[in-house]
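Engineer:
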Amino acid sequence: MHSYEERMKAVQLFIKYDLSVADTIRELGYPTRNTLIRWYNEYLEKGDLHEKFQKKPRFTQE
382 MHSYEERMKA VQLFIKYDLS VADTIRELGY PTRNTLIRWY NEYLEKGDLH EKFQKKPRFT
442 QE
């Protein structure tokens, strides 16, 4: 998992590189293409990224 700061850095670099996935990943060494696009879409929708990662529960509550 990546921290909020790492994710924000990746999104800002992605924007700086005119949405070039390859250039962003080459410089940072992370994330995957799909992950970067997901972070970017979240940033566009909400204007920010979520602070903490929240896993979905494995089992339903009974």
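So the number in my numbering is just where the residue sits in the sequence shown, counting from 1, plus 381. Backbone N, C-alpha and C fix where the C-beta goes; we use that ideal spot for every residue, glycine too. From a predicted model like this one, the values you see are computed outputs, not experimental measurements.
Contact defined as beta carbons within less than 8 angstroms: I believe Met389 pairs with Leu430. What is the distance between those atoms, to the nearest angstrom?
Structural biologist: Residue mapping note: residue 389 aligns to position 8 of the sequence shown, counting from 1. Residue mapping note: residue 430 aligns to position 49 of the sequence shown, counting from 1. At roughly 6 angstroms, the Cβ-Cβ gap stays under 8 angstroms, so Met389 and Leu430 are in contact.
Engineer: CA-CA distance, Tyr421 and Arg439?
Structural biologist: Mapped onto the sequence shown, residue 421 falls at position 40. Mapped onto the sequence shown, residue 439 falls at position 58. Straight-line Cα distance between these residues: approximately 27 angstroms.
Engineer: Is it the case that the Cβ atoms of Arg414 and Val402 are separated by a distance below 8 angstroms?
Structural biologist: Stepping through the sequence shown from its first residue, residue 414 is reached at position 33. Stepping through the sequence shown from its first residue, residue 402 is reached at position 21. Closer than 8 angstroms, so yes.
Engineer: Taking the alpha-carbon positions, what's the Leu417 to Leu394 distance?
Structural biologist: For the purposes of this step, residue 417 is taken as the residue at position 36 of the sequence shown. For the purposes of this step, residue 394 is taken as the residue at position 13 of the sequence shown. So the alpha carbons of these two residues sit roughly 10 angstroms apart.
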